[in-house]
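K.L.:
What follows is a structure written as structure tokens; I'll ask about it next.
Number of protein chains: 2
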Amino acid sequence: MATIREVAKEAGVSVATVSRVMNGSGYAHEDTRKVVMAAVEKLNYKPNEVARSLYNRKSKLVGLILPDITNPFFPEMARGVEDYLQQFGYRLIFGNSDEKRDKEIEYIDTFLQNNVVGMIASTSEEANENFDNLEIPVVLLDRTAEKLPAVYSDQKTGGRLAARVLLDRGSTNIVLIRGPVEIKPVYERYTAALEELTQAKVNVQVMDSSLTLQGGQSCVRQLFEQYPNTDGIIACNDIVAAAALQEILKRGIRIPEDIQLIGYDDIAFTALLHPPLSTIRQPAYEMGAQAAEMLIRKINQEKIAETHKKLPVSFVERQTTRRKVEKP
Amino acid sequence: MATIREVAKEAGVSVATVSRVMNGSGYAHEDTRKVVMAAVEKLNYKPNEVARSLYNRKSKLVGLILPDITNPFFPEMARGVEDYLQQFGYRLIFGNSDEKRDKEIEYIDTFLQNNVVGMIASTSEEANENFDNLEIPVVLLDRTAEKLPAVYSDQKTGGRLAARVLLDRGSTNIVLIRGPVEIKPVYERYTAALEELTQAKVNVQVMDSSLTLQGGQSCVRQLFEQYPNTDGIIACNDIVAAAALQEILKRGIRIPEDIQLIGYDDIAFTALLHPPLSTIRQPAYEMGAQAAEMLIRKINQEKIAETHKKLPVSFVERQTTRRKVEKP
DNA sequence: ATGAAAGCGCTAACAT
DNA sequence: ATGTTAGCGCTTTCAT
């Protein structure tokens with residue numbers, strides 16, 4: 004790798020001049036600019052970002068912390084972030100936290116040690132304090148906190164919507180599968196759904212599940228033993244919904260005739276399920292992109308109109324819910 | 004962020020001493036070691052990785068290039084890489100290439116500018132030359148090249164296996180869906196399957212598809228129009244297989260009685276499909292982990308027994324293939 | 001318009 | 001056993 008020194012020598016100028024033309028800062032005669040660029044070209048010079056970062060006290064790196072990219076909801080977000088940042092020459096240092104506080108802290112620390120310009124994170128509630136007195140901008144993604152800017156989706160409406168859908172389409176014995184209560188967005192959608200359900204005069208049962216395949220499967224197996232006449236299930240996410248769907252099919256229960264099922268997230272494969280899964284869509288890619296946009300705004304010290312950006316969710320009607328019965 | 008200077012001052016020693024105790028290099032009296040550590044503790048000192056990296060000419064960063072983490076096969080690998088590297092204090096700079104050469108090059112360049120210690124990449128064939136005269140170790144993942152160490156899986160056996168499965172279970176009008184020919188592992192599994200199929204006296208048709216959902220869907224729609232009496236489909240990956248499954252169900256074709264279907268990869272959601280998809284499993288997580296292990300070996304200049312590590316694939320028998328007919 | 005030189009935070013000779 | 005100092009590659013005053 005060529006250094007600025009070698010370029011300077013090649014061009015017969017000083018390193019300061021090379022630096023100036025590279026950065027378009029300060030003066031540089033058109034002629035010398037050309038000479039320098041020729042040398043840059045010839046030596047295929049690429050500035051050492053580490054050295055720049057050391058001097059400037061900030062790199063072109065952005066730290067990204069996500070719970071687990073093995074859950075398809077998150078890669079979607081990650082791509083939103085990456086694709087947006089990429090245009091501005093920022094790169095991503097990435098880490099999965101598994102919702103573990105110490106992993107988050109570890110990543111935050113090392114990101115800082117690497118002079119990241121900013122961070123985007125989906126962190127657990129309790130870890131937020133770790134972001135408290137950082138000098139660099141942080142934006143929360145899919146999570147919120149009072150003091151930190153955030154991009155997230157409307158969980159409350161999402162939860163309510165899911166409940167409304169089943170209600171409007173005639174389910175009366177509904178099981179609401181609650182995800183881990185520590186994960187705020189998941190808890191919020193649950194609360195909202197429960198509220199909506201409770202207001203209706205309908206049988207509601209709550210069951211717990213993790214957000215994973217295994218968790219969903221074991222939850223759902225019990226579900227039908229405990230509540231055999233269930234005619235509606237609201238799952239905490241699409242993965243769990245998929246597990247439920249499988250169990251429903253296995254038991255020969257007709258869907259959506261005998262039972263309705265709705266998921267949450269609208270990850271890609273839900274459309275491929277059989278029957279295709281009705282679900283509440285979160286605009287994951289868009290959320291990632293907007294978080295990235297907000298971060299860049301922060302980095303550039305631009306004014307930000309709304310620091311808490313709540314994106315809308317929507318009901319994606321597929322075939323695990325019935326057609327809505329119009330009132331006459 | 005505290006600097007080494009401040010720690011030195013706090014401890015009443017020189018920066019060199021602090022550096023020595025931090026790195027466990029050179030001498031340091033036990034007493035002063037304690038004093039220094041106390042100061043480190045007090046100021047919550049974390050060495051600036053950028054400065055270390057500048058001096059050492061190498062960071063604790065590893066570059067990872069994957070085609071697209073939106074395809075569930077890759078996050079699995081990514082976690083394998085991350086989880087393994089993490090134990091050794093390495094962090095990941097990450098980029099999706101979308102199989103585009105210029106994106107790969109761009110990422111390689113910026114990774115280099117950031118003094119990465121090494122790189123792991125699933126790159127397109129033609130981009131390999133970009134790795135040619137790098138001073139840092141590179142290991143290819145899921146892809147291969149002669150001059151570069153690599154961890155990948157046995158595509159040839161995988162492709163053959165897929166063909167064998169359908170053959171042994173009685174399919175005689177088989178459509179082989181070929182993925183993009185530029186992607187070598189995908190092409191290899193195709194060739195192997197085709198070879199096996201051709202040797203058997205069986206009708207074989209080849210169709211093309213991209214590796215995505217949309218690609219799969221449009222391919223599969225045509226498939227049944229062109230070859231209505233197909234009784235076996237070998238898909239280039241699980242996503243396309245899922246699309247095929249959906250089309251099969253939509254057309255009311257019985258599976259596996261009337262038609263058999265086999266995917267490739269064994270990504271998580273295949274088990275959730277209905278019926279659960281039979282597929283060829285690649286040990287994605289393991290591949291990632293082993294690539295990471297090999298990279299670390301390289302970084303540490305250890306001898307490496309085999310630089311081309313081919314991991315075995317296996318047939319995961321689920322319900323889109325029939326029970327094998329044992330010969331009497 | 002250009003160059004010399006200091007300094008970003010750290011490590012490793014080298015000196016003591 | 002510890003301190004002084006040069007230097008990693010860059011940017012930016014400050015001279016000229």
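The listed protein sequences correspond, in order, to chains A and B. Here the first sequence is numbered in the numbering used here, starting from 4 and rising by one per residue. Here the second sequence is numbered in the numbering used here, starting from 4 and rising by one per residue. The C-beta atom is built at its ideal place from N, Cα and C for all residues, glycine as well.
(1) State buried or exposed for F91 (chain A), treating a residue as buried only when at least 16 other CB atoms are found within 10 Å of its CB.
(2) What is the DSSP secondary structure of A245 (chain B), counted as helix, strand or coil?
(3) Check whether the stretch 235-247 of chain A and the stretch 260-278 of chain A touch, using three or more Cβ-Cβ pairs below 8 Å as the test.
(4) Give the interface partners of F227 (chain B) over in chain A, defined as CB-CB distance under 9 Å, in chain order.
(5) Compare the C-alpha of L179 (chain A) against each of A:A148, A:G291, A:D211 and name the closest.
(6) Can R94 (chain B) and T113 (chain A) be called in contact, C-beta distance under 9 Å?
(7) In chain order, what residues of the stretch 48-60 of chain B put their CB closer than 8 Å to some CB of chain A?
(8) Which residues, taken in chain order from the stretch 76-100 of chain B, show a beta carbon closer than 9 Å to some beta carbon of chain A?
(9) Thinking just about the alpha-carbon of each residue, which of B:Q322, B:H311, B:K301, B:K313 is nearest to the one in E138 (chain B)?
(10) Against chain A, does N117 (chain B) count as a neighbour if the rule is that its beta carbon must be under 9 Å from one of theirs?
(11) Could you give the distance in angstroms between the alpha-carbon of E102 (chain B) and the alpha-carbon of I256 (chain A)?
(12) How big is the Cα-Cα spacing for P331 (chain A) and G173 (chain A)?
(13) Between the beta-carbon of L276 (chain A) and the beta-carbon of L276 (chain B), is there less than 9 Å?
(14) Does L275 (chain B) get closer than 9 Å to chain A when you measure Cβ to Cβ?
(15) Based on Cα-Cα distance, which residue from B:N131, B:Q322, B:E198, B:G219 lies nearest to T160 (chain B)?
(16) Name the residue from B:V16, B:G162, B:V10, B:G83 whose alpha carbon lies nearest to the alpha carbon of A287 (chain B).
(17) By the 10 Å Cβ neighbour count, where 16 or more other Cβ atoms means buried, how is I7 (chain A) classified, buried or exposed?
(18) Is the CB-CB distance between A295 (chain B) and Y87 (chain B) below 9 Å?
(19) Where does T35 (chain B) fall in DSSP's three states?
(20) Decide if Y193 (chain B) is buried, meaning its Cβ has at least 16 other Cβ atoms within 10 Å, or exposed.
(21) Under 9 Å between the Cβ atoms of A42 (chain A) and V18 (chain A)?
(22) Can you give me the start and stop residues for the beta strand (DSSP E) that S213 (chain A) sits inside?
(23) Just the chain A side, please: which residues come within less than 8 Å of I72 (chain B) by C-beta, in chain order?
(24) Indicate whether at least one CB of chain B lies closer than 9 Å to the CB of F134 (chain A).
(25) A245 (chain A) touches chain B at which residues, Cβ-Cβ below 8 Å?
(26) Excluding five sequence neighbours on each side, which residues of the same chain lie with their C-beta closer than 6 Å to the C-beta of D157 (chain B)?
(27) Spell out whether any CB of chain A is found under 9 Å from the CB atom of S212 (chain B).
(28) Among the residues of its own chain, which have a CB less than 8 Å from the CB of R321 (chain A), if the five just before and after it don't count?
(29) Measure the Cβ-Cβ separation of I299 (chain A) and I237 (chain A) and say whether it is below 9 Å.
(30) What does the alpha-carbon distance come out to for the pair K63 (chain A) and N303 (chain A)?
(31) Does any CB atom of chain A fall closer than 9 Å to the CB of T113 (chain B)?
(32) Can you tell me whether Q225 (chain B) is helix, strand or coil according to DSSP?
(33) Is the shortest distance between the beta-carbon of Y190 (chain B) and the beta-carbons of chain A less than 9 Å?
(34) Restricting to Cα atoms, I'd like to know which of A:F318, A:L115, A:V39, A:L69 is closest to R104 (chain A).
(35) Where does I72 (chain B) fall in DSSP's three states?
(36) Which residues share a DSSP beta bridge with T282 (chain B)?
P.N.:
In brief:
(1) exposed
(2) helix
(3) yes
(4) Those within 9 Å of F227 (chain B) in chain A number zero; the least Cβ separation is about 17 Å.
(5) A:D211
(6) yes
(7) K49, P50, N51, E52, V53, A54, S56, L57
(8) F77, P78, E79, A81, R82, E85, D86, Q89, G92, R94, L95, I96, F97, G98, N99
(9) B:K301
(10) yes
(11) 43 Å
(12) Any reading at P331 (chain A) needs caution, since the residue's pLDDT is 48, under 50, leaving its predicted position unreliable; the model's value is listed next. Cα-Cα distance, rounded: 15 Å.
(13) yes
(14) yes
(15) B:E198
(16) B:G83
(17) buried
(18) yes
(19) helix
(20) buried
(21) no
(22) Run containing S213 (chain A): none; DSSP gives neither H nor E here.
(23) I72, P78, A81, R82
(24) no
(25) F272, L275
(26) K313, P315, V316
(27) no
(28) T273, A274, P278, P279, L280, S281, T282
(29) no
(30) 13 Å
(31) yes
(32) helix
(33) no
(34) A:L69
(35) coil
(36) B:G266, B:V319
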